[in-house]
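Residue numbers (mature numbering (1 follows the signal peptide of the UniProt record, and there is no 0)): -21 to -1, 1 to 166.
Shown next, in the form of structure tokens:
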């Protein structure tokens, strides 16, 4: 028998994005393909200014900046992420493998997430397939308790996953712009 929770947490959204539940947390995953090699894409995406890809949407405020601009390239580095709402969260790099894998932990939320999540984990993978690089991003929220899991599942499915999809679209657009040669000046 399907539970109310499983109906919302495991529904596929599209071929390249989905929400899922695990014993530890609730996650959403999005994926895209770019024409850059994995290392070039990694080195572009990981330090990208967050306000460039995370714009307001679905009731989630835009990111306006971070406390550390550069470098953002070593395990243990941390920074505060600031939102247009005046809220913030702390990010800390937990894994950094250029061209392959990048992970970070998000905690100390001042957003509404503080009521339902202990912390979140963002993970990015890069792999080369058929001359393209596949970028996969999974974001897992660890709920504060079992009572908030259904609410967190709905938030992820209807708000967070579309927010991630929009951000990944901007990552893909940024990669495409990097590959486009500059226009020749008009005579």
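Virtual Cβ for every residue (Gly too), placed ideally from N, Cα, C.
Keep in mind it's a predicted model, so treat the numbers as computed, not measured.
Mark residue i as exposed unless 16 or more other C-beta atoms lie within 10 angstroms of its C-beta, in which case mark it buried.
i	result
residue 68	buried
residue 65	exposed
residue 70	buried
residue 154	buried
residue 29	buried
residue 109	exposed
residue 136	buried
residue 33	buried
In angstroms, rounded to a whole number, what distance separates the CA positions of residue i and residue j?
i	j	result
residue 203	residue 121	Missing from the structure shown is residue 203; the chain here goes from -21 to 166 and no further.
residue 7	residue 103	12 Å
residue 156	residue 87	35 Å
residue 152	residue 72	25 Å
residue 14	residue 78	14 Å
residue 145	residue 138	11 Å
residue 57	residue 47	8 Å
residue 147	residue 11	7 Å
residue 9	residue 17	17 Å
residue 141	residue 5	15 Å
residue 24	residue 90	24 Å
residue 106	residue 113	5 Å
residue 208	residue 76	Outside the modelled stretch of the chain, which goes from -21 to 166, sits residue 208, for which no answer is possible.
residue 40	residue 19	29 Å
residue 126	residue 132	11 Å
residue 50	residue 134	32 Å
residue 22	residue 60	20 Å
residue 27	residue 150	9 Å
residue 128	residue 111	37 Å
residue 3	residue 80	21 Å
residue 85	residue 116	14 Å
residue 35	residue 118	18 Å
residue -19	residue 38	Summary for residue -19: the model assigns pLDDT 36, below 50, so the residue's position carries little reliability, and this model does not support an answer.
residue 74	residue 143	20 Å
residue 92	residue 130	11 Å
Quick test of your reading: residue i and residue j, contact by CB under 8 Å. State the CB separation rounded to the nearest angstrom.
i	j	result
residue 82	residue 101	7 Å
residue 62	residue 45	That belief does not hold up - the Cβ atoms of residue 62 and residue 45 are roughly 11 Å apart, past 8 Å.
Exercise for review: Evaluate contact between the segment 94 to 103 and the segment 119 to 133, counting only Cβ atoms and requiring at least three cross-stretch pairs below 8 Å.
Suggested key: yes
**Study point:** Ordered list of beta strand (DSSP E) runs contained in the segment 53 to 94, each at least 3 residues
**Key:** 57 to 62, 67 to 76, 80 to 86, all fully within the segment 53 to 94.
Review point. Hey, which unbroken runs of the beta strand (DSSP E) at 3 residues or more fall wholly within the segment 99 to 165?
Key: 111 to 122
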